[in-house]
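What follows is a set of notes on a single structure, which appears directly below.
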Amino acid sequence: MSVRIAKRIGAWILCAAFCVFCAACGTAKTADADRPAGPAWSALSPIGETPVRYATEFKIVHYTDGYTLLEIPATGKLLLVPEGMGKPAGLPDDIAVLYRPVDRIYLAATSAMDFFRALDGISAVRLSGTKADGWSIEDAADAMERGDMLFAGKYSAPDFELILKEHCDLAIESTMIYHSPAISEKLIGYGIPVLIERSSYEQDPLGRMEWIKVYGTILGKEAEAEAAFEAEVEAVKAIGDMPKTGKTVAFFYVTGSGSVNVRKSGDYVVKMIETAGGAYAFSDLSNGSALSTVNMTMESFYTGAKDADILIYNSTIDGEIYSIAELLDKSPLFSEFKAVKNGDVWCTGKNLFQEPMGIGKLIADFYRVLSGDGTDALVYLHKVN
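Rendered as structure tokens:
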């Protein structure tokens, strides 16, 4: 075969591949043209809002004709269009459009999967930014093993060809997408709206769980979301009504450099400990930054936590520990801590981050540890022996 013929064949292959890719792109970009004309945006009127009791990072406004506007102040607005209806004429450019039913989602924000699980809506997540072995939520891992959910690349390197082939309705990203803005822009360019998940920015633990209302709205399961949330509120309230133990708690992990990472006094974990009847060992810790944690030297941590009644090791970043020996490997100074001497050291499970709807259960775990009652029924904590 001559070089000229080989080049010509190669060009034909590239051209064919490009046409297939553009056809997929065209499907996403021309979705509006295939739908009926919608009413004028100016003719639609707000008729109410979804009640929000604790969250501050979202707002849901209901309009006439079944349209719903989801507002996430920090990231943008998303209009949910009823099935069989069209995009309103004259819709402002800063409002993205999402057509119902929403059942082919690309989920790159792992913490949001628990909301779908709680709503029996995992089937709406067709594409995952996490592989099967990366899920602690069994229903998600099982869906991937069955092929009902496909791995479409992590947030920073999505498989655009697969996403377009699967006619993705919506991409749900974590704030990590801010590090790869071109990805978000590309998804939007293909006609795929992007929702940036911000439940982790809520300062109130119940506010984090209240994000189930966002996903209930997207899935058309508003009533189920409200019921699930109210059940969690009642469970947390029951724990908050219990007598305070007065015991002090230090929640931390040791970094690779040997410093200690602790939550600042206004953090949601601290509020959970206080709701469970405990007192945070670093109650006045605040360095003025927007971060919810701060690193300190081991010596400073020792000064603030050596007399704490309970130590809870945060495994989210550093990994779980199971023995006091492992803790002492991080620093022999731990042997001088009151909680270590008294055998009151605990550790979180790795699945904690992926399950925001488990916040109520974690508060219950904190109460069990603080009260010493029912520690055999712990869900997210285990004893470090």
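Just so we're aligned, residue 41 is where the sequence shown starts under this note's numbering, counting upward by one.
C-beta atoms are modelled at their ideal positions from N, C-alpha and C, and glycine is treated no differently.
What you are looking at is a predicted structure, and each value in this text was computed from that prediction instead of being measured.
- Cβ atoms of Phe-374 and Gly-318 stay farther apart than 8 Å, at about 20 Å.
- Bounds of any alpha helix (DSSP H) do not take in Ile-232, whose DSSP letter is neither H nor E.
- Assigned with DSSP and collapsed to three states, Arg-144 falls in coil, not helix or strand.
- Counting only residues of its own chain and dropping the five nearest sequence neighbours on each side, Asn-354 has a CB closer than 7 Å to the CB of Phe-291, Phe-292, Tyr-293, Thr-388.
- In this chain, Ala-211 is not harboured by any alpha helix (DSSP H); it is covered by the beta strand (DSSP E) spanning 210 to 213.
- Of all C-beta pairs linking the segment 175 to 184 to the segment 203 to 216, fewer than three are shorter than 8 Å, placing the two stretches out of contact.
- Under the DSSP definition of a beta bridge, Gly-88 partners with His-102.
- The continuous alpha helix (DSSP H) containing Phe-200 extends over residues 200 to 205.
- Taken through DSSP and simplified to helix, strand or coil, Ala-80 comes out as strand.
- Rounded to the nearest angstrom, the gap between the Cα atoms of Met-312 and Asp-74 is 49 Å.
- Annotated as distal: Tyr-146 and Leu-118, with beta-carbon spacing of 8 Å or more.
- Residue pairing by DSSP places Leu-120 opposite Thr-108, Leu-138 in a beta bridge.
- Residues of the same chain with a CB within less than 7 Å of the CB of Asp-324, apart from the 5 flanking positions on each side, are Ser-305 in chain order.
- Of all C-beta pairs linking the segment 269 to 278 to the segment 391 to 411, three or more are shorter than 8 Å, placing the two stretches in contact.
- When Ser-297, Glu-395, Arg-408, Thr-415 are compared, the shortest CA-CA separation from Asp-358 is found for Ser-297.
- Per DSSP, the beta-bridge partners of Phe-291 are Ile-352.
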